[in-house]
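The numbering of the sequence shown is my numbering, which starts it at 1195 and goes up by one.
A short worksheet on the structure shown next.
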Amino acid sequence: MIKVAFYDTKPYDHEAALAAEGAAALQWTFHDFRLTAETASTAAGAEAVCVFVNDKLDRPCLEKLAATGVKLVALRCAGFNQVDLPAARELGIAVTRVPAYSPHAVAEHAVALLMTLNRKIHRAYNRVREHNFALAGLVGFDLHGKTAGIVGTGKIGRCTAEIFRGFGMQVLAHDPFPQEAWATEHKIRYASLEEVLRVSDVLSLHLPLAAGTHHLLNRETLAQMKPGACLINTSRGKLVDSAALIEALKSGHLGGVALDVYEEEEGIFFEDHSGAVLQDDTLALLLSLPNVLVTSHQAFLTREALSEIARVTVTNLGMVNQGVFLPETRL
(Lines of atoms letter the chains of each structure in order from A and count residues from 1; the text may use other names and numbers.)
(Lines give C-alpha, C1' and ligand atoms only; values in the text may rest on other atoms or scores of the structure.)
Protein backbone atom coordinates (compact mmCIF):
# COMPACT_ATOMS: atom_id res chain seq x y z
CA MET A 1 0.00 0.00 0.00
CA ILE A 2 1.10 3.55 -0.69
CA LYS A 3 1.89 5.37 2.53
CA VAL A 4 0.69 8.96 2.83
CA ALA A 5 1.52 11.47 5.58
CA PHE A 6 -1.39 13.96 5.80
CA TYR A 7 -0.62 17.30 7.50
CA ASP A 8 -2.57 20.14 9.10
CA THR A 9 -5.61 17.90 9.12
CA LYS A 10 -8.99 18.79 10.57
CA PRO A 11 -11.95 16.43 11.08
CA TYR A 12 -13.57 17.49 7.80
CA ASP A 13 -10.31 16.78 5.89
CA HIS A 14 -10.04 13.36 7.49
CA GLU A 15 -13.62 12.43 6.68
CA ALA A 16 -13.51 13.66 3.08
CA ALA A 17 -10.20 11.92 2.31
CA LEU A 18 -11.30 8.56 3.65
CA ALA A 19 -14.63 8.78 1.81
CA ALA A 20 -13.01 9.37 -1.60
CA GLU A 21 -12.88 6.56 -4.12
CA GLY A 22 -9.50 4.83 -3.91
CA ALA A 23 -8.77 5.96 -0.34
CA ALA A 24 -8.88 2.40 0.97
CA ALA A 25 -5.85 1.53 -1.16
CA LEU A 26 -3.74 4.09 0.70
CA GLN A 27 -2.20 3.85 4.15
CA TRP A 28 -2.91 7.12 5.89
CA THR A 29 -1.11 8.83 8.76
CA PHE A 30 -2.97 11.95 9.85
CA HIS A 31 -1.14 14.78 11.63
CA ASP A 32 -2.87 17.84 13.07
CA PHE A 33 0.34 19.91 12.97
CA ARG A 34 1.76 21.65 9.91
CA LEU A 35 4.56 20.33 7.72
CA THR A 36 7.76 22.37 8.02
CA ALA A 37 11.48 21.63 8.03
CA GLU A 38 11.16 20.99 11.77
CA THR A 39 8.40 18.39 11.38
CA ALA A 40 9.48 16.81 8.07
CA SER A 41 11.04 13.83 9.84
CA THR A 42 7.52 12.62 10.67
CA ALA A 43 7.11 11.73 6.98
CA ALA A 44 9.67 8.92 7.30
CA GLY A 45 8.39 5.82 5.52
CA ALA A 46 5.83 7.70 3.42
CA GLU A 47 5.95 7.89 -0.37
CA ALA A 48 3.80 11.02 -0.40
CA VAL A 49 2.75 13.93 1.77
CA CYS A 50 -0.57 15.77 1.57
CA VAL A 51 -0.45 19.42 2.63
CA PHE A 52 -2.54 22.59 2.80
CA VAL A 53 -2.09 26.37 2.49
CA ASN A 54 -0.07 27.03 5.65
CA ASP A 55 2.37 24.14 5.43
CA LYS A 56 5.83 25.46 4.56
CA LEU A 57 7.67 23.40 1.98
CA ASP A 58 10.82 25.43 1.49
CA ARG A 59 14.14 23.91 0.38
CA PRO A 60 15.18 22.66 3.85
CA CYS A 61 11.83 20.93 4.27
CA LEU A 62 11.92 19.40 0.79
CA GLU A 63 15.47 18.18 1.30
CA LYS A 64 14.40 16.33 4.43
CA LEU A 65 11.39 14.88 2.63
CA ALA A 66 13.57 13.67 -0.23
CA ALA A 67 15.95 12.06 2.23
CA THR A 68 13.07 10.05 3.71
CA GLY A 69 11.97 8.82 0.28
CA VAL A 70 8.99 11.10 -0.39
CA LYS A 71 8.17 11.20 -4.11
CA LEU A 72 5.08 13.41 -4.17
CA VAL A 73 3.81 16.56 -2.50
CA ALA A 74 0.03 16.61 -3.00
CA LEU A 75 -1.45 20.03 -2.31
CA ARG A 76 -5.13 19.90 -1.41
CA CYS A 77 -5.58 23.51 -2.51
CA ALA A 78 -5.18 25.62 -5.64
CA GLY A 79 -2.39 27.95 -4.44
CA PHE A 80 1.20 26.74 -4.45
CA ASN A 81 3.22 29.73 -3.22
CA GLN A 82 4.10 27.74 -0.08
CA VAL A 83 6.23 25.29 -2.12
CA ASP A 84 9.74 25.93 -3.47
CA LEU A 85 9.02 24.45 -6.90
CA PRO A 86 12.59 24.74 -8.29
CA ALA A 87 13.89 22.88 -5.25
CA ALA A 88 11.23 20.19 -5.65
CA ARG A 89 12.17 19.64 -9.30
CA GLU A 90 15.86 19.49 -8.42
CA LEU A 91 15.17 16.90 -5.73
CA GLY A 92 12.93 14.80 -7.97
CA ILE A 93 9.76 15.40 -5.96
CA ALA A 94 6.57 15.77 -8.01
CA VAL A 95 4.07 18.42 -6.91
CA THR A 96 0.35 18.34 -7.63
CA ARG A 97 -2.50 20.60 -6.62
CA VAL A 98 -6.28 20.87 -6.95
CA PRO A 99 -6.68 23.72 -9.42
CA ALA A 100 -10.49 23.89 -9.47
CA TYR A 101 -12.36 22.19 -6.65
CA SER A 102 -15.50 24.35 -6.61
CA PRO A 103 -15.25 27.88 -7.94
CA HIS A 104 -18.86 28.37 -6.89
CA ALA A 105 -17.98 27.77 -3.23
CA VAL A 106 -15.44 30.60 -3.13
CA ALA A 107 -17.46 32.94 -5.36
CA GLU A 108 -20.59 32.49 -3.26
CA HIS A 109 -18.64 33.12 -0.07
CA ALA A 110 -17.20 36.33 -1.53
CA VAL A 111 -20.71 37.56 -2.29
CA ALA A 112 -21.95 36.44 1.13
CA LEU A 113 -19.18 38.49 2.74
CA LEU A 114 -20.20 41.54 0.71
CA MET A 115 -23.88 41.15 1.58
CA THR A 116 -23.11 40.69 5.27
CA LEU A 117 -20.72 43.64 5.36
CA ASN A 118 -22.97 45.96 3.38
CA ARG A 119 -26.24 45.21 5.20
CA LYS A 120 -24.52 44.88 8.61
CA ILE A 121 -26.07 41.44 9.08
CA HIS A 122 -23.40 40.35 11.56
CA ARG A 123 -24.05 43.41 13.73
CA ALA A 124 -27.83 43.03 13.44
CA TYR A 125 -27.59 39.36 14.44
CA ASN A 126 -25.70 40.23 17.62
CA ARG A 127 -28.12 43.03 18.47
CA VAL A 128 -31.25 40.93 18.10
CA ARG A 129 -29.80 38.18 20.27
CA GLU A 130 -29.61 40.83 23.02
CA HIS A 131 -33.20 41.91 22.26
CA ASN A 132 -31.99 45.15 20.70
CA PHE A 133 -34.20 45.72 17.67
CA ALA A 134 -33.00 49.24 16.83
CA LEU A 135 -31.99 49.91 13.23
CA ALA A 136 -29.66 52.85 13.79
CA GLY A 137 -26.24 52.25 12.24
CA LEU A 138 -27.41 49.42 9.99
CA VAL A 139 -27.94 51.38 6.76
CA GLY A 140 -26.45 49.72 3.67
CA PHE A 141 -26.73 50.40 -0.06
CA ASP A 142 -28.39 48.74 -3.06
CA LEU A 143 -26.02 46.60 -5.10
CA HIS A 144 -28.30 46.99 -8.12
CA GLY A 145 -26.90 49.62 -10.46
CA LYS A 146 -23.52 49.80 -8.72
CA THR A 147 -20.19 48.84 -10.31
CA ALA A 148 -18.26 45.76 -9.26
CA GLY A 149 -14.59 45.36 -10.11
CA ILE A 150 -13.19 41.84 -10.52
CA VAL A 151 -9.40 41.54 -10.45
CA GLY A 152 -8.56 38.11 -11.82
CA THR A 153 -10.98 36.27 -14.11
CA GLY A 154 -10.07 32.66 -13.59
CA LYS A 155 -12.90 30.26 -12.76
CA ILE A 156 -13.63 31.82 -9.36
CA GLY A 157 -13.44 35.39 -10.62
CA ARG A 158 -15.78 34.60 -13.50
CA CYS A 159 -18.30 32.92 -11.19
CA THR A 160 -18.22 35.94 -8.88
CA ALA A 161 -18.68 38.34 -11.77
CA GLU A 162 -21.71 36.41 -13.02
CA ILE A 163 -23.34 36.54 -9.57
CA PHE A 164 -22.79 40.30 -9.46
CA ARG A 165 -24.39 40.61 -12.88
CA GLY A 166 -27.37 38.74 -11.46
CA PHE A 167 -27.75 41.54 -8.92
CA GLY A 168 -28.00 44.01 -11.78
CA MET A 169 -24.51 45.39 -11.22
CA GLN A 170 -22.19 46.69 -13.90
CA VAL A 171 -18.99 44.62 -13.90
CA LEU A 172 -15.52 45.70 -14.92
CA ALA A 173 -12.72 43.12 -14.97
CA HIS A 174 -8.97 43.20 -15.06
CA ASP A 175 -6.75 40.27 -16.02
CA PRO A 176 -3.54 39.99 -18.08
CA PHE A 177 -5.23 37.16 -19.98
CA PRO A 178 -8.76 38.42 -20.72
CA GLN A 179 -11.58 35.99 -21.53
CA GLU A 180 -13.18 38.12 -24.21
CA ALA A 181 -15.85 35.65 -25.37
CA TRP A 182 -17.03 35.15 -21.80
CA ALA A 183 -17.01 38.89 -21.15
CA THR A 184 -19.10 39.57 -24.25
CA GLU A 185 -21.61 36.87 -23.31
CA HIS A 186 -22.13 38.32 -19.84
CA LYS A 187 -21.87 42.02 -20.77
CA ILE A 188 -18.68 42.51 -18.80
CA ARG A 189 -15.95 44.90 -19.87
CA TYR A 190 -12.21 44.48 -19.36
CA ALA A 191 -10.35 47.59 -18.27
CA SER A 192 -7.02 48.69 -16.85
CA LEU A 193 -6.38 48.11 -13.17
CA GLU A 194 -6.35 51.88 -12.67
CA GLU A 195 -9.85 52.26 -14.13
CA VAL A 196 -11.22 49.31 -12.18
CA LEU A 197 -9.89 50.79 -8.94
CA ARG A 198 -11.18 54.26 -9.76
CA VAL A 199 -14.81 53.42 -10.61
CA SER A 200 -15.68 50.28 -8.65
CA ASP A 201 -18.10 50.51 -5.73
CA VAL A 202 -17.10 46.94 -4.85
CA LEU A 203 -13.68 45.44 -5.60
CA SER A 204 -13.22 41.67 -5.36
CA LEU A 205 -9.82 39.98 -5.66
CA HIS A 206 -9.50 36.61 -7.42
CA LEU A 207 -5.88 36.09 -8.40
CA PRO A 208 -2.93 33.99 -7.24
CA LEU A 209 -0.05 35.20 -5.12
CA ALA A 210 3.10 35.74 -7.17
CA ALA A 211 5.98 38.20 -7.29
CA GLY A 212 3.91 40.60 -9.38
CA THR A 213 0.81 40.43 -7.19
CA HIS A 214 2.37 40.65 -3.73
CA HIS A 215 0.82 43.72 -2.06
CA LEU A 216 -1.04 44.54 -5.26
CA LEU A 217 -3.19 46.70 -3.03
CA ASN A 218 -0.81 48.99 -1.18
CA ARG A 219 -0.85 52.60 -0.03
CA GLU A 220 -0.71 53.89 -3.61
CA THR A 221 -3.27 51.56 -5.19
CA LEU A 222 -5.68 51.74 -2.24
CA ALA A 223 -5.63 55.53 -2.62
CA GLN A 224 -6.75 55.06 -6.25
CA MET A 225 -9.90 53.23 -5.17
CA LYS A 226 -13.23 55.00 -5.29
CA PRO A 227 -13.96 56.74 -1.96
CA GLY A 228 -16.37 54.67 0.09
CA ALA A 229 -15.76 51.48 -1.90
CA CYS A 230 -15.87 48.01 -0.33
CA LEU A 231 -12.97 45.58 -0.74
CA ILE A 232 -13.46 41.79 -0.72
CA ASN A 233 -10.50 39.38 -0.62
CA THR A 234 -11.04 35.63 -0.75
CA SER A 235 -7.81 34.84 -2.61
CA ARG A 236 -4.50 35.29 -0.78
CA GLY A 237 -3.78 37.49 2.21
CA LYS A 238 -0.51 38.87 0.89
CA LEU A 239 -2.28 40.52 -2.04
CA VAL A 240 -3.12 43.32 0.40
CA ASP A 241 -0.74 45.38 2.52
CA SER A 242 -2.49 45.21 5.90
CA ALA A 243 -0.83 48.34 7.31
CA ALA A 244 -1.89 50.38 4.29
CA LEU A 245 -5.37 48.86 4.51
CA ILE A 246 -5.77 50.04 8.09
CA GLU A 247 -4.67 53.56 7.07
CA ALA A 248 -7.31 53.60 4.31
CA LEU A 249 -9.98 52.45 6.76
CA LYS A 250 -9.03 54.89 9.53
CA SER A 251 -9.01 57.80 7.09
CA GLY A 252 -12.49 56.87 5.88
CA HIS A 253 -11.34 56.38 2.31
CA LEU A 254 -12.62 52.80 2.24
CA GLY A 255 -16.23 52.12 3.12
CA GLY A 256 -15.63 48.59 4.33
CA VAL A 257 -13.47 45.50 4.00
CA ALA A 258 -14.33 41.79 4.09
CA LEU A 259 -11.48 39.31 4.28
CA ASP A 260 -11.41 35.54 4.20
CA VAL A 261 -7.61 35.63 4.10
CA TYR A 262 -4.96 37.62 5.95
CA GLU A 263 -1.31 38.04 5.11
CA GLU A 264 -0.05 36.73 8.46
CA GLU A 265 -2.74 34.09 8.96
CA GLU A 266 -0.31 31.19 9.45
CA GLY A 267 -0.59 29.92 13.00
CA ILE A 268 -3.81 31.87 13.59
CA PHE A 269 -6.43 30.79 11.08
CA PHE A 270 -7.89 27.27 11.39
CA GLU A 271 -7.11 27.22 15.13
CA ASP A 272 -9.08 28.07 18.30
CA HIS A 273 -7.46 31.02 20.10
CA SER A 274 -10.55 31.99 22.08
CA GLY A 275 -8.84 31.35 25.41
CA ALA A 276 -5.74 33.41 24.69
CA VAL A 277 -4.72 36.99 23.92
CA LEU A 278 -4.35 37.51 20.17
CA GLN A 279 -0.68 38.28 19.60
CA ASP A 280 -1.09 39.81 16.14
CA ASP A 281 -1.74 43.50 16.81
CA THR A 282 -2.58 44.27 13.17
CA LEU A 283 -5.26 41.60 12.99
CA ALA A 284 -6.59 42.63 16.41
CA LEU A 285 -6.97 46.20 15.17
CA LEU A 286 -8.72 45.07 11.98
CA LEU A 287 -11.14 42.99 14.03
CA SER A 288 -11.93 46.01 16.23
CA LEU A 289 -13.08 48.19 13.33
CA PRO A 290 -16.85 48.27 12.78
CA ASN A 291 -16.61 48.19 8.97
CA VAL A 292 -14.32 45.14 8.80
CA LEU A 293 -15.57 41.57 8.50
CA VAL A 294 -13.15 38.62 8.75
CA THR A 295 -13.71 34.91 8.26
CA SER A 296 -11.03 32.31 8.81
CA HIS A 297 -10.15 31.11 5.28
CA GLN A 298 -13.42 29.20 4.99
CA ALA A 299 -14.52 30.17 1.47
CA PHE A 300 -13.67 26.69 0.17
CA LEU A 301 -15.56 24.91 2.95
CA THR A 302 -18.54 23.26 1.28
CA ARG A 303 -19.38 19.57 1.01
CA GLU A 304 -19.00 19.72 -2.75
CA ALA A 305 -15.58 21.38 -2.60
CA LEU A 306 -14.25 19.02 0.06
CA SER A 307 -15.42 16.03 -1.97
CA GLU A 308 -13.73 17.27 -5.14
CA ILE A 309 -10.51 18.15 -3.30
CA ALA A 310 -10.41 14.64 -1.87
CA ARG A 311 -11.22 12.99 -5.21
CA VAL A 312 -8.44 14.74 -7.12
CA THR A 313 -5.91 14.38 -4.31
CA VAL A 314 -6.58 10.66 -3.76
CA THR A 315 -6.40 9.98 -7.50
CA ASN A 316 -2.94 11.54 -7.68
CA LEU A 317 -1.75 9.84 -4.51
CA GLY A 318 -2.77 6.48 -5.93
CA MET A 319 -0.48 6.99 -8.91
CA VAL A 320 2.62 8.09 -7.01
CA ASN A 321 4.67 4.97 -7.77
CA GLN A 322 3.84 5.18 -11.48
CA GLY A 323 4.62 8.89 -11.63
CA VAL A 324 1.43 9.51 -13.62
CA PHE A 325 -0.89 12.18 -12.26
CA LEU A 326 -3.93 14.06 -13.49
CA PRO A 327 -2.24 16.32 -16.07
CA GLU A 328 -4.07 19.53 -15.13
CA THR A 329 -2.94 19.17 -11.49
CA ARG A 330 0.81 18.73 -11.94
CA LEU A 331 3.06 21.71 -11.31
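All C-beta atoms, glycine included, are put in the ideal place defined by N, C-alpha and C.
Comparing C-alpha distances from Ala-1499 to each of Gln-1473, Met-1419, Ala-1210 and Trp-1222 shows the shortest one belongs to Ala-1210. Contact annotation, Glu-1414 with Gly-1431: C-beta distance approximately 19 Å; criterion of less than 8 Å not satisfied. In this structure Tyr-1295 is in contact with Phe-1494, their Cβ atoms being roughly 7 Å apart against a cut-off of 8 Å. DSSP, reduced to helix, strand and coil, places Tyr-1201 outside both helices and strands of the structure shown, so it counts as coil. Cβ neighbours of Leu-1416 within its own chain (closer than 6 Å, five residues either side excluded): Ala-1438 and Ala-1442. The three-state secondary structure of Arg-1313, taken from DSSP, is coil.
At least 8 Å separates the beta-carbon of Leu-1220 from that of Leu-1525.
When the Cα atoms are used, Ser-1501 and Ala-1328 turn out to be separated by approximately 42 Å.
Following the DSSP letters along the chain, one finds Gly-1450 in no alpha helix (DSSP H) but inside the beta strand (DSSP E) bounded by residues 1450-1453.
Looking at the DSSP output, Ser-1398 sits in a beta bridge with Ile-1344 and Ile-1426.
Of the residues Glu-1257, Leu-1397, Ile-1357 and Ala-1301, the one whose Cα lies closest to the Cα of Gly-1450 is Leu-1397. In this structure Val-1292 does not touch Ile-1462 by the C-beta definition: roughly 23 Å separates them, more than the 8 Å allowed.
DSSP places Gln-1418 inside the alpha helix (DSSP H), whose first and last residues are 1413-1418.
Residue ranges of uninterrupted alpha helix (DSSP H) with 4 or more members, entirely inside the segment 1232-1286 and ordered along the chain, are 1253-1262 and 1279-1285. Counting C-beta pairs closer than 8 Å gives fewer than three between the segment 1313-1331 and the segment 1365-1376, which falls short of the contact rule. In the DSSP assignment, Phe-1358 falls within the alpha helix (DSSP H) that extends over 1349-1360.
Pairing Leu-1520 with Val-1289, the inter-Cα distance amounts to about 11 Å. The Cβ-Cβ distance between Ala-1318 and Leu-1332 falls below 8 Å. Beta-bridge analysis with DSSP links Phe-1224 to Phe-1200.
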